[in-house]
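Colleague: Below you'll find the structure I mean.
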Amino acid sequence: MLLKEIVSAVPALGKLAAANLRLKTAYELKKTADILQKEVDFFEQERRKIAEKYGTVREDGTVRIPPEQRAQADEEYARLLSMEVQPEFSRLQISVSEDAKLSVNDLAALAPFADFIENEEE
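Shown next, in the form of structure tokens:
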């Protein structure tokens, strides 16, 4: 699995986590989210290192990358996103009858982590 897939799924996982889910689904989501969060934390640390390597840290903590360094920073950032990672998690089984509002894009982002099923035994 690419690190990019996990990073792209964060907003959709957040929407799902905010929904009123069945206890079992919520529990499984929490376990999976905790595992994936470790990968997201790694990504954020490395992204910051790349920005600081090619840019200048401002007083407010943001980093400005000059135009002449941007291509190199973007290349390194792309390599980071394409890094292969292997988080140990079980695929979520989410009933389509759950009370969650998700877009088609959210469903696509969640596809590597979840199966959306028509019926689930209560």
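Per our numbering, the sequence shown starts with residue 2, numbered consecutively.
Note that beta-carbon positions come from the ideal geometry of N, C-alpha and C, so glycine has one too.
Here the structure is a predicted model, which means the values were calculated and not measured.
1. In terms of alpha-carbon separation, which member of 47, 14, 70 and 86 lies closest to residue 2?
2. Taking a contact to mean a Cβ-Cβ separation below 8 Å, would you say residue 88 touches residue 37 in this structure?
3. What is the DSSP secondary structure of residue 41, reduced to helix, strand or coil?
4. Evaluate residue 95 with the Cβ neighbour count: other Cβ atoms within 10 Å of its Cβ, from every protein chain shown; 16 or more gives buried, anything less gives exposed.
5. Relative to the C-alpha of residue 124, which residue among 32, 42, 49 and 116 is closest?
6. Report back the beta-carbon spacing between residue 81 and residue 51 to the nearest angstrom; my notes put them in contact at under 8 Å.
7. Looking at chain C, is there any beta carbon in it that lies within less than 8 Å of the beta carbon of residue 2?
8. What's the gap between the Cα of residue 76 and the Cα of residue 54?
9. Could you tell me the distance, in whole angstroms, from the CA atom of residue 119 to the CA atom of residue 99?
10. In whole angstroms, give me the CA-to-CA distance for residue 14 and residue 92.
11. Leaving out five residues on either side along the sequence, give the residues of the same chain with a beta carbon under 6 Å from the beta carbon of residue 47.
12. Helix, strand or coil for residue 26? Go by DSSP, reduced to three states.
13. Rounded to whole angstroms, what's the CA-CA distance from residue 123 to residue 83? Just pull it up for me.
Modeller: Reading off the structure:
1. For residue 2, the closest of 47, 14, 70 and 86 by C-alpha to C-alpha distance is 86.
2. When the beta-carbon positions are compared, residue 88 and residue 37 come within less than 8 Å of each other.
3. In the structure shown, residue 41 sits in a helix (DSSP, three-state: H, G or I).
4. Under this definition residue 95 is a buried residue.
5. Here the chain has residues from 2 to 123 only, and residue 124 is not among them.
6. With a beta-carbon spacing of about 7 Å, residue 81 and residue 51 fall inside the 8 Å limit used to define contacts.
7. Of the protein chains in this structure there is only one, and it is not chain C.
8. Straight-line Cα distance between these residues: approximately 13 Å.
9. A straight line joining the alpha-carbon of residue 119 with that of residue 99 spans about 10 Å.
10. If I take the Cα positions, the gap works out to 13 Å.
11. Counting only Cβ-Cβ distances below 6 Å, and skipping sequence neighbours, we find 81.
12. In this structure, residue 26 counts as helix in the three-state DSSP scheme.
13. Note on residue 123: pLDDT 48, under 50, position unreliable in the model; the coordinate value appears next. The alpha-carbon atoms of residue 123 and residue 83 are separated by roughly 39 Å.
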